[in-house]
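Trainee: Have a look at this one.
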Amino acid sequence: MTDPLRGPTPDSVDLAAALTQLRARWGWFVALGAVLVVLGVIAMAYIFAATLVSVLFIGAMMLAGGVGQLIHAWRIKHMSGFLFWTLSGLLYAGAGLIAIVNPAVGASALTLLLGASLIGVGALRLWIWFNNRAQPGWKWLAFSGIITLLTGVLIAVNWPGNSAWILGLLLAFDLLFQGWTSMLVGFALRERKA
689 MTDPLRGPTP DSVDLAAALT QLRARWGWFV ALGAVLVVLG VIAMAYIFAA
739 TLVSVLFIGA MMLAGGVGQL IHAWRIKHMS GFLFWTLSGL LYAGAGLIAI
789 VNPAVGASAL TLLLGASLIG VGALRLWIWF NNRAQPGWKW LAFSGIITLL
839 TGVLIAVNWP GNSAWILGLL LAFDLLFQGW TSMLVGFALR ERKA
């Protein structure tokens, strides 16, 4: 922001300085984007392997989270939340171990959970739209709710047959979109006038 009487405000100076620093590093954005796009193409070519890698990663994170919760539980064993933290940690660690030991079962469970989550989120968006449908622009929320709900139903209806590839496909798309976004930000920074 610029004050016509006093000149640039501190916020606008800080933003300009930050953009100048980012502009000097535009190539890193493009390089990161290119790496992500290549990884997305590889994930697209090897969707089953990408699904297994996703499940193993999620399983390792769940196992680490479960161990952390168990450590926390035993550190507060004299408090009222001890049993809750212990059960939660055991469930997390157990689910993580199952995903690591048998990634196919983990992929199946995560795919079903993804479908159920999308159905729930889509229904919630439609409910919010229905309660606010007189507001301008709320049709987009209805459209988003319908797409999300239908995507969840498609995943659930085709389960467990789609468990071997759906997570890998989502990972591939995410890598591709993140890569292109990073590259476009880098090119926009390069073109920005100082």
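Positions in the sequence shown are counted from 1; adding 688 to them yields our numbering.
Backbone N, C-alpha and C fix where the C-beta goes; we use that ideal spot for every residue, glycine too.
Taking only the alpha-carbon atoms, compute the straight-line gap between Ala761 and Phe770 and give it to the nearest angstrom.
Mentor: So the two alpha carbons sit approximately 5 angstroms from each other.
Trainee: Less than 8 angstroms between the CB atoms is what I'm expecting for Gly721 and Leu863, so what's the real figure, rounded?
Mentor: Rounded, the Cβ-Cβ distance is 10 angstroms, inconsistent with contact.
Trainee: When the Cβ atoms of the region 843-850 are set against those of the region 701-713, are three or more pairs found closer than 8 angstroms?
Mentor: Judged by Cβ distances under 8 angstroms, the region 843-850 makes no contact with the region 701-713, as fewer than three pairs qualify.
Trainee: For Leu724, which residues from the same chain have a beta carbon less than 6 angstroms from its beta carbon, with the 5 sequence-adjacent residues on both sides left out?
Mentor: These residues qualify, in order along the chain: Leu863, Gln866 and Gly867.
Trainee: With Ser832 and Phe717 assumed to form a contact (beta carbons below 8 angstroms), what rounded beta-carbon distance in angstroms separates them?
Mentor: Between Phe717 and Ser832 the Cβ distance is about 29 angstroms, and since that is not below 8 angstroms, they are no contact.
Trainee: Work out the CA separation of Val726 and Arg880 for me, nearest whole Å.
Mentor: So the alpha carbons of these two residues sit roughly 26 angstroms apart.
Trainee: Please state the DSSP three-state secondary structure of Ser851.
Mentor: It is coil, neither helix nor strand.
Trainee: Three-state secondary structure (DSSP) at His760?
Mentor: Helix.
Trainee: Confirm, please, whether the CB-CB distance from Ser742 to Leu872 is below 8 angstroms.
Mentor: No, these two residues do not count as a Cβ contact at 8 angstroms.
Trainee: Span of the alpha helix (DSSP H) holding Asn820?
Mentor: Unbroken run through Asn820: none, as it is neither H nor E.
Trainee: Among the residues of its own chain, which have a CB less than 7 angstroms from the CB of Ile807, if the five just before and after it don't count?
Mentor: Counting only Cβ-Cβ distances below 7 angstroms, and skipping sequence neighbours, we find Leu837, Gly840, Val841 and Ala844.
Trainee: Going by CA-CA distance only, name the one from Ile746, Leu740 and Thr774 that's closest to Val755.
Mentor: The candidate whose alpha carbon is nearest that of Val755 is Thr774.
Trainee: Take Ile788 as the anchor and find which of Ala748, Val809 and Gly777 has the nearest alpha-carbon.
Mentor: When each option's Cα is compared against that of Ile788, the closest is Ala748.
Trainee: Taking Cβ to Cβ, would you say Ala830 is nearer than 8 angstroms to Trp817?
Mentor: In this structure, Trp817 lies closer than 8 angstroms to Ala830 by Cβ.
Trainee: Could you please give the first and the last residue of the uninterrupted alpha helix (DSSP H) stretch that includes Lys827?
Mentor: That run of the alpha helix (DSSP H) goes Lys827 to Val845.
Trainee: Relative to the C-alpha of Leu858, which candidate in Ala876, Gly803 and Leu877 has its C-alpha closest?
Mentor: If we check each option's Cα against that of Leu858, Gly803 comes out closest.
Trainee: Please list, in chain order, all residues of the same chain as Pro791 whose beta carbon is under 7 angstroms from its beta carbon, the five residues on each side excluded.
Mentor: Correct list, in chain order: Leu740, Val743 and Leu744.
Trainee: Pop quiz: Gly810 and Ile786 are said to be a contact at Cβ under 8 angstroms. What is the actual Cβ separation, rounded to whole angstroms?
Mentor: About 28 angstroms separates the two Cβ atoms, so there is no contact after all.
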